[in-house]
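Chains P and S are the protein sequences, given in the same order.
Just so you know, we're using our numbering here: the first sequence kicks off at 1 and counts up by one.
Just so you know, we're using our numbering here: the second sequence kicks off at 361 and counts up by one.
The beta-carbon is built from N, C-alpha and C at its ideal position, and this holds for glycine as well.
2 protein chains.
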Amino acid sequence: MEKYEIGLIPGPVKIPEEIRRVWLNDFASSDLEDEFFALYHENQVLIQKLLRTKNNVVITSGEAMSILWASLKCTLKPGEKILAVSSGLFGSGFADMARAIGAYAETCEFPYDEVPEPEKVYEHAKKFRPKVITAVHCETPSGTLTPCLAEIGKIAREVEALFVVDFVSSAGGVELDVDACKIDIGLLGSQKVLSLTPSISISTISPHAWQIINDVNYSGYEAFADWREVPEKKFMPYTHDWHSMKALNISLENIMNEGIDGACARHSEAAKLCRDLGREIGLELFPKSEEICSPTVTAFYVPEKFTWENFNERLRARGLAVGGNYGSLAGKVFRIGHMGSQADSDLVRRGMKIIREVLA
Amino acid sequence: MEKYEIGLIPGPVKIPEEIRRVWLNDFASSDLEDEFFALYHENQVLIQKLLRTKNNVVITSGEAMSILWASLKCTLKPGEKILAVSSGLFGSGFADMARAIGAYAETCEFPYDEVPEPEKVYEHAKKFRPKVITAVHCETPSGTLTPCLAEIGKIAREVEALFVVDFVSSAGGVELDVDACKIDIGLLGSQKVLSLTPSISISTISPHAWQIINDVNYSGYEAFADWREVPEKKFMPYTHDWHSMKALNISLENIMNEGIDGACARHSEAAKLCRDLGREIGLELFPKSEEICSPTVTAFYVPEKFTWENFNERLRARGLAVGGNYGSLAGKVFRIGHMGSQADSDLVRRGMKIIREVLA
């Protein structure tokens, strides 16, 4: 279908009309106008506030995979070591991507329905001595939230590794303090909590990360280097997308107006409601415990009496779209995405009502 | 300024309201819906028609620099040889980019106000035996159009090199036959003739290019490999931008409705008018002759009695935005972009009237 009646996909989420109307603007060239660079800078400051960081913010064009690749390509030379802390598909994905670019990767693995334990990460990191440690804040496919980013950040400092964190599907809906967690490179997508088109990506980069990036000196579309001083130099490696930049501004302003705490509370409430209603109607949570469930996405086992395809077909026939899964979770686990515009208790209630009907 | 009264920038060009209104759609997830993959396929077919090719078409998310990088990264391993045919900034840019990724690049250079001569390219290619030969159809900074793509394509075949062509700012406004020119990888941007946001990029890829791409086996956001069978496999390496895909569809349909010949004639007329009016008011063309001027962009020397900054300020004070320049042409050559929505004789006349006033 082209449009969801009740959309609870864990990204891309529903883009509010206010955001979509940004495209009605007849913007000038982003390469040339001071107003564009001022907007870019305004977004940098808002992101710093949202993520509680003094680190530099880089806003690039393209889907979030572009910055996941960038975080590895800009920091690792062939043969250099990376430890991917993994309790899910994206966690292991970092190791796969690193290997594909010739780095030497090990994973510190935990079951997909659990979250990383800092002790095991510490042991592994001390022995392995990686140049980079990666972690994933919200494992969207598993519906889990890693609570120990600060601990892993401390470990990274101790073993002198760069700490790279994918918070693509958490930041904005979950309390996150980039500086307290000592995150050197933080990665945020647009089509999740920010409820934008998948056309813009946001990275936070620490001074230490900039040193490594300069040293590695990677070239390509994913290269961070040329983005270090965009508002100051008024120069970018390619023509930016003014509409997406403006849409990001509105999304960030909306979060600030609601208050970061308010936005996080709204996500937690929607998530709790989803879990509560799920329990009521007999759904089984995929994560081992409620404590590690993400406030942005809830993963349930596909009910036993259905195949995923059959279940999904019935939900869709009633206007509800939820997320399926990938890799080893495909067919077994489905997901309710209550992030950004979808972190809405009424919407969750409507969606869960349909699931109840299908299960009845 | 945020908006141009009279916009004649050579890209990003003015986005027609019909295109901008696409974003009012509340689209579903591009990862999941058959309608998205059908739209993707429809665009592939329209692009094949527009560019007269049977080659596979790949439509990715991100600005056109992403596919310029992709064309090199996916076809060259470190140390492999590339010959960049260059009569301008983008021509030489290919060599710079290739060197940055460890390839061995030579340029077959021509003055920026001229176009490549096939004889010289042939001599160079025969001696150098490159794996890849690159060329640029329209050198936007110089306002020139390379007329000898077919000849260079023939040379590439003879020396068994892959032929990569940047037609980012020409295709759609200039007659182009990808298959007759034996173009293995062709690169088209969205914010030029297609008059879209700079959020989507289009590549044509020949069977021979796919062989090389498979052999090189490059990984990253710029990797072409995973895009080979998108509508067939209904899988993409990242979430695509449905709005941009739909906007592309409307832009291509509009060209088809006008007719490719009609669109090309409209560009030629606007360009001729621009040159004629320029001559009338005493502007000097940058290209050595009218024959090599691009139908999409006209480059004039900055009039002697002005600095570029001073001239530009006066034009802008009257509501006209034109393009400045880069590299060795900065401050010396300015450009009128009459491509896509701006290939409009009335608009060109209004713009040139303002230049006449400023020169008076």
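Along the alpha helix (DSSP H) that carries residue i, what are the first and last residues, could you check?
| i | result |
| --- | --- |
| Y122 (chain P) | 118-128 |
| E717 (chain S) | 705-719 |
Mapping DSSP to helix, strand and coil, what is residue i?
| i | result |
| --- | --- |
| C508 (chain S) | coil |
| N257 (chain P) | helix |
| G186 (chain P) | strand |
| C293 (chain P) | strand |
| Y495 (chain S) | One detail in the question is off: residue 495 (chain S) reads as Ala in this sequence, not Tyr. Here A495 (chain S) sits in strand by DSSP. |
| S529 (chain S) | coil |
| F163 (chain P) | strand |
| L608 (chain S) | helix |
| D456 (chain S) | helix |
| F671 (chain S) | helix |
| E362 (chain S) | coil |
| A330 (chain P) | coil |
| E114 (chain P) | coil |
| F666 (chain S) | coil |
| H603 (chain S) | helix |
| S502 (chain S) | coil |
| I101 (chain P) | coil |
In the DSSP assignment, the beta strand (DSSP E) including residue i goes from what residue to what residue?
| i | result |
| --- | --- |
| C468 (chain S) | 464-469 |
| F334 (chain P) | 333-337 |
| I366 (chain S) | 366-368 |
For residue i and residue j, I'd like the C-alpha separation in whole angstroms.
| i | j | result |
| --- | --- | --- |
| F387 (chain S) | Y122 (chain P) | 44 Å |
| P111 (chain P) | A98 (chain P) | 21 Å |
| K552 (chain S) | T60 (chain P) | 20 Å |
| P258 (chain P) | S251 (chain P) | The question names Pro, yet the displayed sequence has Glu at residue 258 (chain P). Roughly 11 Å between the two C-alpha positions. |
| Y104 (chain P) | M1 (chain P) | 42 Å |
| D706 (chain S) | P558 (chain S) | 25 Å |
| R444 (chain S) | K665 (chain S) | Note that residue 444 (chain S) is Ala in the sequence shown, not Arg. Approximately 36 Å, taken between the alpha carbons. |
| E139 (chain P) | E669 (chain S) | 51 Å |
| M616 (chain S) | S563 (chain S) | 19 Å |
| D621 (chain S) | A607 (chain S) | 22 Å |
| W383 (chain S) | I560 (chain S) | 14 Å |
| R380 (chain S) | G340 (chain P) | 24 Å |
| L149 (chain P) | G679 (chain S) | 52 Å |
| L315 (chain P) | G532 (chain S) | 43 Å |
| L411 (chain S) | Q404 (chain S) | 11 Å |
| D544 (chain S) | S446 (chain S) | 18 Å |
| H41 (chain P) | P231 (chain P) | 6 Å |
| N55 (chain P) | L162 (chain P) | 14 Å |
| P78 (chain P) | V216 (chain P) | 10 Å |
| M425 (chain S) | E582 (chain S) | 10 Å |
| C634 (chain S) | R709 (chain S) | 7 Å |
| M712 (chain S) | E423 (chain S) | 30 Å |
| H698 (chain S) | S628 (chain S) | 9 Å |
| Y218 (chain P) | L392 (chain S) | 34 Å |
| S654 (chain S) | V496 (chain S) | 12 Å |
| T413 (chain S) | D539 (chain S) | 5 Å |
| E253 (chain P) | Y686 (chain S) | 35 Å |
| P237 (chain P) | I573 (chain S) | 25 Å |
Cβ closer than 7 Å: which chain A residues qualify as neighbours of residue i?
| i | result |
| --- | --- |
| H603 (chain S) | Of the chains in the structure shown, none is chain A; the protein chains are P and S. |
On the DSSP bridge assignment, give the partners of residue i in chain order.
| i | result |
| --- | --- |
| L633 (chain S) | According to DSSP, L633 (chain S) bridges with nothing at all. |
| A299 (chain P) | P:R335 |
| A362 (chain P) | A question about residue 362 (chain P) goes unanswered here, because the residues of chain P that appear run from 1 up to 360. |
| L645 (chain S) | S:F660 |
Ignoring anything shorter than 4 residues or poking outside the region 373-448 of chain S, list the alpha helix (DSSP H) runs there in chain order.
-> 377-380, 394-410, 425-433
Of all the beta strand (DSSP E) runs that stay within the bounds of the region 532-595 of chain S, which reach a length of 3 or more residues?
-> 545-548, 560-565
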